[in-house]
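Comments concern the structure below.
Number of protein chains: 2
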Amino acid sequence: MTWEDLAKAKREAVFNKIPKEWVIEVPPVEEAPNPRVLLDKLLPDEENAITDSTAMELLDKMKTGELKAIDVATAFCHRAALAHQVINCCSEIFFERAFARAKELDEYYEKTGELYGPLHGIPVSLKDQVNLEGIDSALGFLSRVNKPKTKDDESVIATILYNAGAVFYVKTTTPMAMMSGETYSNIYGQTYNGWNRRLSPGGSSGGESSLIASKGSLIGLSTDLGGSIRIPAAFNGLFALRASWGRLPYCKVDNTMAFQPVAPSVIGPSARDRNDLVHLVKTIIDTEPWFVDPKTPPIPWRPYSVPEKLVFGFYKTNKVTTPHPPVMRAMELIKEKLVAAGHEVIEWDPPVSHKFIKERLREIFVAENYNEITKECAITGEPKIPQLVEAWGLKGELTVSEHWEQARIQYETQQKYFKYWMDTAKSTSTGRPVDAWLTPVWETVSSIAGNPRYDKVSSYTYAVNYLNLCSVVTPITFVDKTVDVPVTDFQGYDESDDALQQTYDPELVDGMPVAVQVICQRYEEEKALEIAGVVYKATH
Amino acid sequence: MTWEDLAKAKREAVFNKIPKEWVIEVPPVEEAPNPRVLLDKLLPDEENAITDSTAMELLDKMKTGELKAIDVATAFCHRAALAHQVINCCSEIFFERAFARAKELDEYYEKTGELYGPLHGIPVSLKDQVNLEGIDSALGFLSRVNKPKTKDDESVIATILYNAGAVFYVKTTTPMAMMSGETYSNIYGQTYNGWNRRLSPGGSSGGESSLIASKGSLIGLSTDLGGSIRIPAAFNGLFALRASWGRLPYCKVDNTMAFQPVAPSVIGPSARDRNDLVHLVKTIIDTEPWFVDPKTPPIPWRPYSVPEKLVFGFYKTNKVTTPHPPVMRAMELIKEKLVAAGHEVIEWDPPVSHKFIKERLREIFVAENYNEITKECAITGEPKIPQLVEAWGLKGELTVSEHWEQARIQYETQQKYFKYWMDTAKSTSTGRPVDAWLTPVWETVSSIAGNPRYDKVSSYTYAVNYLNLCSVVTPITFVDKTVDVPVTDFQGYDESDDALQQTYDPELVDGMPVAVQVICQRYEEEKALEIAGVVYKATH
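Chain order of the listed sequences is S and D.
Sequential numbering from 1 applies to the first sequence in the UniProt record's numbering.
Sequential numbering from 1 applies to the second sequence in the UniProt record's numbering.
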């Protein structure tokens with residue numbers, strides 16, 4: 001079988017998991033560019049009411065018996081089925097399991113009058129990397145298709161969520177090897193944005209974020225090695241947590257280059273509602289996952305009370321590249337609103353160039369020369385996806401000494417950066433170091449889906465990965481083409497920056513969400529989540 | 001200058017830091033085999049009273065004004081000077097700083113009536129790796145001699161202790177590169193045991209442990225990559241903490257292969273008194289070192305209350321090698337006493353062979369083929385020490401993929417081992433998993449100093465390093481040659497085990513201390529320290 005045939009068969013197998021009554025004829029993009037609007041029309045009102053709710057609202061209704069888990073599961077399975085047909089976001093569909101699980105939970109509720117757990121009946125979508133028994137984790141490789149995982153392979157975090165009452169129903173698309181800011185693979189082709197069928201969902205968690213944005217999911221798990229939770233969350237207008245290394249258990253979540261120990265990938269949730277996000281994270285941490293995952297530090301959930309006055313570190317650009325006008329406006333807006341709300345905003349001017357950080361991090365990512373990716377591709381003969389090849393320069397596999405030297409440079413950079421952060425206490429009015437650092441997520445708010453990559457020049461996500469900080473993506477506003485006009489006489493930092501700025505097309509991205517990162521120090525997830533709430537409230 | 005000349009000059013420079021009035025003629029070993037006894041005779045009574053105290057006792061006396069910091073500093077400098085002449089344990093001597101610091105502290109006390117900090121006036125000895133401004137950190141390499149560290153190089157943990165009022169006065173010997181269970185270098189030659197001048201102090205922190213055992217120090221900092229805190233602590237009858245990775249800040253502590261990220265070295269204290277050990281660890285953690293060291297997880301000090309009934313995992317041998325008779329007796333003694341005290345002791349039978357763990361860990365240690373060590377030696381032409389060369393097989397430098405594969409195997413082994421540990425809850429009477437696991441530290445209680453190495457077959461320390469557990473070395477008893485007789489008709493696990501058993505010489509090690517490890521799970525340092533107290537009390 002050629003890899004093309006294998007891909008076609010897999011796509012069809014996934015499609016065939018959609019009940020016939022939910023199969024639609026998808027209107028052309030021109031007629032229905034916005035998946036959210038299209039799906040709202042296609043879904044029955046009572047199901048729209050469910051998919052428009054937050055998880056907390058659904059939990060309340062299931063607690064009083066007003067809603068059943070099976071109603072919730074049905075609504076989200078139906079909407080996810082529609083979403084998949086429109087934006088191609090699911091790598092696996094297994095609604096029958098969701099219905100069975102929901103019925104079990106309903107029976108439990110009927111018997112006991114209690115919810116089964118803190119996530120009783122809440123549908124949780126999972127990036128393809130999260131292992132479930134009997135289901136593939138292809139990671140965008142044809143070589144891994146039709147190789148279902150065993151019970152023993154099941155991801156620790158999936159077991160935790162399941163035991164808390166979550167309902168699993170879909171896994172979501174990734175680019176090959178998750179090594180791309182776009183979501184394209186030879187298996188599934190292109191995934192589209194949840195707000196605009198012309199646009200990219202970002203990557204690598206593009207399937208996850210676009211599904212949640214299209215309201216085919218409330219909340220789901222993504223991963224982030226260099227920005228893969230945050231880019232798609234921003235492109236799709238979601239809240240998302242990129243936690244510090246190991247804070248949430250990654251144990252038995254599949255990955256490529258999975259055991260790279262210097263700047264590892266992390267797992268974290270994306271959601272439309274911030275309280276839902278907090279609830280999910282707290283639920284996981286409250287199970288004390290450090291007794292199961294040897295890489296999770298034993299840090300319990302520590303409630304954070306927001307002080308009256310916060311101090312924010314702030315810049316509009318990182319002096320490497322210049323964000324597009326709507327992102328610049330969002331940054332201005334935050335600053336203005338936070339100051340108006342009585343907070344302090346000080347200039348963020350770290351002693352390490354973000355270009356340096358980006359280059360060092362990328363060298364870590366390619367330290368084994370993509371040998372694993374090359375091997376996986378060779379199994380079926382599929383080509384590397386262009387997004388992968390174009391984005392990264394390979395220079396041969398490093399030796400152990402060279403790799404340890406990378407670790408040294410990283411550690412020394414962290415020391416320098418953290419010292420800068422702590423020393424800000426000398427110049428804040430509160431006497432505390434900066435509470436959170438505000439920065440764009442990405443230079444753009446999205447781009448044409450499948451577009452040639454421009455992320456050679458992107459640089460806003462990497463510092464969090466390289467330094468091991470925590471970041472909450474926070475939606476701020478929407479593009480308004482009448483306000484967010486191109487800069488005339490733009491003078492960038494260099495030619496790449498000029499070229500990037502020229503890709504801004506207000507007509508194309510009009511109405512798209514714009515988000516920022518609220519970044520706190522290592523393992524300050526509780527704090528970052530609360531401060532994200534302050535930032536959101538100030539701007540809404 | 002030849003490396004031999006350089007070594008001689010460095011040794012003389014260190015020796016010349018000893019005030020003339022403290023220089024002694026050292027009696028031959030036959031006349032004064034026990035350094036503790038010899039030093040007790042040489043030191044004035046009022047100084048013996050100080051060096052016989054615990055840190056907590058000295059703090060109490062300095063608080064009431066009964067003692068001054070300068071008295072304490074003088075007593076310990078004097079005794080350390082004598083100890084160095086007898087057992088060759090100091091790599092650096094800088095008493096003048098200690099006196100100046102002590103005077104400062106006394107002035108502070110006179111002015112305020114308060115102690116300067118929780119370690120006011122407490123002399124703390126430091127393994128050579130800990131950086132202080134103006135002093136070498138040679139790590140047993142002649143290439144690093146006469147290259148004093150700068151202010152900016154100073155170890156984070158040294159600054160923390162200094163700011164708490166500690167008094168620094170000596171640094172202590174290590175073998176070349178710290179890669180040995182013996183303490184020998186081309187700079188300083190052989191260091192001897194604090195209890196017996198014929199015997200090895202263990203390694204790599206042999207200088208530190210033998211100085212403390214000889215009462216030339218109360219407490220000090222050592223490091224542990226494969227057993228280097230624990231082996232010398234056991235050989236010298238001390239309490240010692242081998243903490244989990246990063247729990248205590250290693251930032252700017254010098255090392256070879258310092259940025260190896262898979263099974264890193266840790267820093268931790270050794271002391272004669274368990275309460276002193278706890279006080280030091282708590283003092284460090286209470287400063288929130290995670291805001292300074294990017295590798296320290298933000299885990300505050302969490303007091304642990306010992307429940308009425310503890311459950312211990314227990315074995316006398318790990319099925320790889322058989323400890324010598326005194327160690328076996330110590331294990332029997334613990335079991336008997338703990339059961340008599342109402343605790344439960346269950347068989348420890350982990351699903352992973354300790355031979356496997358040892359082999360995998362050693363492969364990680366030599367992943368860069370000792371290239372750094374080879375380079376350091378080449379600078380001055382000094383030869384690798386035999387202990388280093390004999391102990392480890394080099395097979396060439398690994399690639400990054402091979403190194404990541406090591407990380408994969410380790411992580412999967414950890415998962416398996418931790419599952420075993422957690423599952424013991426099913427068979428304990430408390431319903432909790434085993435609270436602590438008791439095991440020998442080492443097969444022997446020491447051996448002839450400079451002896452050809454037998455640690456190819458040793459295997460009791462590695463599991464803690466490979467799995468990232470925490471361990472408290474706890475002194476239990478002393479060798480009694482009339483009781484601890486050689487096993488007749490010994491049948492070992494293999495030929496190496498037979499050969500190891502034959503090295504047991506009750507006459508040689510009579511009177512030497514015997515210790516065990518009290519091991520708890522990752523980052524359970526507070527618990528391990530408390531349970532070590534239970535084990536100590538039960539056997540004393």
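Even glycine gets a Cβ: it sits at the ideal position worked out from N, Cα and C.
Being a predicted model, the structure only gives us computed values, none of them experimental.
Inset, instruction - Determine, using beta carbons only, whether S:A330 and S:V483 come nearer to each other than 8 Å. - result: Position 330 of the first sequence, counted from the first residue, corresponds to residue 330 of chain S. Position 483 of the first sequence, counted from the first residue, corresponds to residue 483 of chain S. Their beta carbons are not under 8 Å apart, which means S:A330 does not touch S:V483 by this criterion.
Legend entry - Bridge partners - S:G268, DSSP secondary structure assignment: Residue mapping note: residue 268 of chain S aligns to position 268 of the first sequence, counting from 1. In DSSP, S:G268 forms a bridge with S:S222.
Inset, instruction - Flag this pair as touching only if the stretch 45-56 of chain S and the stretch 136-145 of chain S have three or more C-beta atom pairs under 8 Å; answer yes or no. - result: No: fewer than three Cβ pairs fall under 8 Å.
Legend entry - For S:R230 and S:L43, the rounded distance between their alpha carbons: In the first sequence, residue 43 of chain S corresponds to position 43, counting from 1. In the first sequence, residue 230 of chain S corresponds to position 230, counting from 1. Distance between the alpha carbons of S:L43 and S:R230 is about 29 Å.
Inset, instruction - Report the three-state DSSP secondary structure of D:K41 (helix, strand or coil). - result: One-based indexing of the second sequence puts residue 41 of chain D at position 41. Of the three classes helix, strand and coil, the one that applies to D:K41 here is helix, per DSSP.
Legend entry - Residue-chain proximity (S:A532, chain D), Cβ-Cβ < 8 Å: By one-based count along the first sequence, residue 532 of chain S stands at place 532. Output row for S:A532: interface = no.
Legend entry - Cβ neighbours of D:G381 in the same chain (closer than 7 Å, five flanking residues each side left out): The residue labelled residue 381 of chain D in the question sits at position 381 within the second sequence. Around D:G381: W3.
Inset, instruction - Starting from the Cα of S:C77, find the closest Cα among S:S125, S:I187, S:L105 and S:I87 and give me that residue. - result: Along the first sequence, read from residue 1 onward, the residue named residue 77 of chain S stands at position 77. Of the candidates S:S125, S:I187, S:L105 and S:I87, the one whose C-alpha sits nearest the C-alpha of S:C77 is S:S125.
Legend entry - Interface flag, S:L398 vs chain D, CB-CB below 8 Å: Here residue 398 of chain S is taken as the residue at index 398 of the first sequence, counted from 1. Chain D has a Cβ within less than 8 Å of the Cβ of S:L398.
Legend entry - Contact check, D:V87 vs D:T191, beta carbons under 8 Å: Position 87 of the second sequence, counted from the start, is the residue given in the question as residue 87 of chain D. Position 191 of the second sequence, counted from the start, is the residue given in the question as residue 191 of chain D. According to the sequence as given, residue 87 of chain D is Ile; it is not Val. Their beta carbons are under 8 Å apart, which means D:I87 touches D:T191 by this criterion.
Legend entry - Same chain, Cβ closer than 6 Å to D:D498, neighbours up to 5 away in sequence not counted: Your numbering for residue 498 of chain D matches position 498 in the second sequence. By the criterion of a C-beta distance shorter than 6 Å, D:D498 is surrounded in its chain by G492, once the five residues flanking it on both sides are discounted.
Inset, instruction - Residues of the stretch 454-487 of chain D with a CB closer than 9 Å to any CB of chain S: list them in chain order, please. - result: Within the stretch 454-487 of chain D, the residues whose Cβ lies closer than 9 Å to some Cβ of chain S are L467 and N468, listed in chain order.
Inset, instruction - May I ask you to list, following chain order, the residues of the stretch 409-427 of chain S that have a beta carbon less than 7 Å from some beta carbon of chain D? - result: The residues in question are Y411, Q414, Q415, F418 and M422.
Inset, instruction - Answer yes or no: do S:V306 and S:E66 have a C-beta to C-beta separation smaller than 8 Å? - result: Residue mapping note: residue 306 of chain S aligns to position 306 of the first sequence, counting from 1. Residue mapping note: residue 66 of chain S aligns to position 66 of the first sequence, counting from 1. Cβ atoms of S:V306 and S:E66: not closer than 8 Å.
Inset, instruction - Going by CA-CA distance only, name the one from S:Y304, S:E288, S:E526 and S:P325 that's closest to residue 591 of chain S. - result: Nothing in the structure corresponds to residue 591 of chain S, since chain S is present only between 1 and 540.
Inset, instruction - Thinking S:S265 and S:T223 are a contact (beta carbons under 8 Å), I'd like their distance in whole angstroms, please. - result: As a working note, residue 265 of chain S is residue 265 in the first sequence. As a working note, residue 223 of chain S is residue 223 in the first sequence. S:S265 to S:T223, Cβ: 5 Å. Contact.
Inset, instruction - Would you kindly check if the distance between the Cβ of D:F314 and the Cβ of D:V345 is under 8 Å? - result: To locate residue 345 of chain D, count along the second sequence from 1; it is residue 345. To locate residue 314 of chain D, count along the second sequence from 1; it is residue 314. Yes, Cβ-Cβ distance for D:V345 and D:F314 is below 8 Å.
Legend entry - Partner residues on chain S for D:A367, Cβ-Cβ distance less than 8 Å: Here residue 367 of chain D refers to the residue found at position 367 of the second sequence. Here the neighbours are V400.
Legend entry - 8 Å Cβ cutoff, S:A378 in contact with chain D: Reading the first sequence from its first residue, position 378 is the one you call residue 378 of chain S. Using a CB distance cut-off of 8 Å, S:A378 does not count as an interface residue toward chain D.
Inset, instruction - Report the partner residues of D:Q517 according to the DSSP bridge assignment. - result: For this step, residue 517 of chain D is matched to residue 517 along the second sequence. According to DSSP, D:Q517 bridges with D:T439 and D:V473.
Legend entry - Local conformation of residue 623 of chain D per DSSP, three classes: Any property of residue 623 of chain D remains undetermined from this structure, which presents chain D solely from 1 to 540.
Legend entry - CA-to-CA distance, D:F15 to D:I285, given in whole angstroms: As a working mapping, residue 285 of chain D is identified with position 285 in the second sequence. As a working mapping, residue 15 of chain D is identified with position 15 in the second sequence. Their Cα atoms are separated by approximately 35 Å.
Legend entry - alpha helix (DSSP H) segment containing D:L529, residue limits: Here the question's residue 529 of chain D lines up with position 529 in the second sequence. Start and end: E525 to A538.
Inset, instruction - Report yes or no: do the stretch 424-437 of chain D and the stretch 212-222 of chain D share at least 3 C-beta pairs separated by less than 8 Å? - result: Counting Cβ pairs under 8 Å, fewer than three are found: no touch.
Legend entry - Proximal residues of chain D, C-beta to C-beta of S:Q89 below 8 Å: Start at 1 with the first residue of the first sequence, and residue 89 of chain S comes out as number 89. The residue asked about is misnamed: residue 89 of chain S is Cys in this sequence, not Gln. Residues of chain D whose Cβ lies closer than 8 Å to the Cβ of S:C89 do not exist, since the nearest Cβ in that chain is about 30 Å away.
Inset, instruction - Note the first and the last residue of the continuous alpha helix (DSSP H) segment covering S:C251. - result: By 1-based counting over the first sequence, the position of residue 251 of chain S is 251. Element bounds for S:C251: n/a, residue is neither H nor E.
Inset, instruction - Have a look at D:E133 and D:A69 and give me their C-alpha separation to the nearest angstrom. - result: Within the second sequence, the letter at position 133 stands for residue 133 of chain D. Within the second sequence, the letter at position 69 stands for residue 69 of chain D. Looking at the backbone, the Cα of D:E133 and that of D:A69 are separated by about 22 Å.
Legend entry - D:T283 vs D:Q501 beta-carbon contact at 8 Å: Counting from 1 along the second sequence, the entry for residue 283 of chain D is found at position 283. Counting from 1 along the second sequence, the entry for residue 501 of chain D is found at position 501. Between D:T283 and D:Q501, the CB-CB gap reaches or exceeds 8 Å.
Legend entry - Residue range of the unbroken beta strand (DSSP E) whose run includes S:A240: Numbered from its first residue, the first sequence carries residue 240 of chain S at position 240. That run of the beta strand (DSSP E) goes F239 to R242.
Legend entry - Per-residue contacts from S:Q260 into chain D (C-beta, under 9 Å): Residue mapping note: residue 260 of chain S aligns to position 260 of the first sequence, counting from 1. Neighbourhood of S:Q260 in chain D, by CB distance below 9 Å: V400, W404 and A407, in chain order.
Inset, instruction - Drop a sphere of 10 angstroms on the beta-carbon of S:T174, count the other beta-carbons inside from all chains shown, and report buried for 16 or more, exposed for fewer. - result: In the first sequence, counting from the first residue as 1, residue 174 of chain S sits at position 174. Burial call: buried.
Inset, instruction - Give a yes or no on whether the minimum CB-CB distance between S:W290 and chain D is below 8 Å. - result: Position 290 of the first sequence, counted from the start, is the residue given in the question as residue 290 of chain S. Nearest CB-CB separation between S:W290 and chain D: below the 8 Å threshold.
Legend entry - Cβ pair D:V479, D:D510 closer than 8 Å: Stepping through the second sequence from its first residue, residue 479 of chain D is reached at position 479. Stepping through the second sequence from its first residue, residue 510 of chain D is reached at position 510. Yes.
Inset, instruction - Please look up how many angstroms separate the CB atoms of D:Y417 and D:P486, rounded, as I've assumed it's under 8 Å. - result: Counting from one through the second sequence, the residue named residue 417 of chain D turns up at place 417. Counting from one through the second sequence, the residue named residue 486 of chain D turns up at place 486. Separation of the CB atoms of D:Y417 and D:P486 is rounded to 33 Å, and the pair is thereby denied contact status at 8 Å.
Inset, instruction - Decide yes or no for the touch test of the stretch 115-123 of chain D against the stretch 197-204 of chain D: beta carbon pairs closer than 8 Å, at least 3 of them. - result: In short, these stretches do not touch, since the Cβ pair count stays below three.
Inset, instruction - Note down, in chain order, every chain C residue with its Cβ under 9 Å from the Cβ of S:C251. - result: The structure shown contains no chain C; the protein chains it does contain are S and D.
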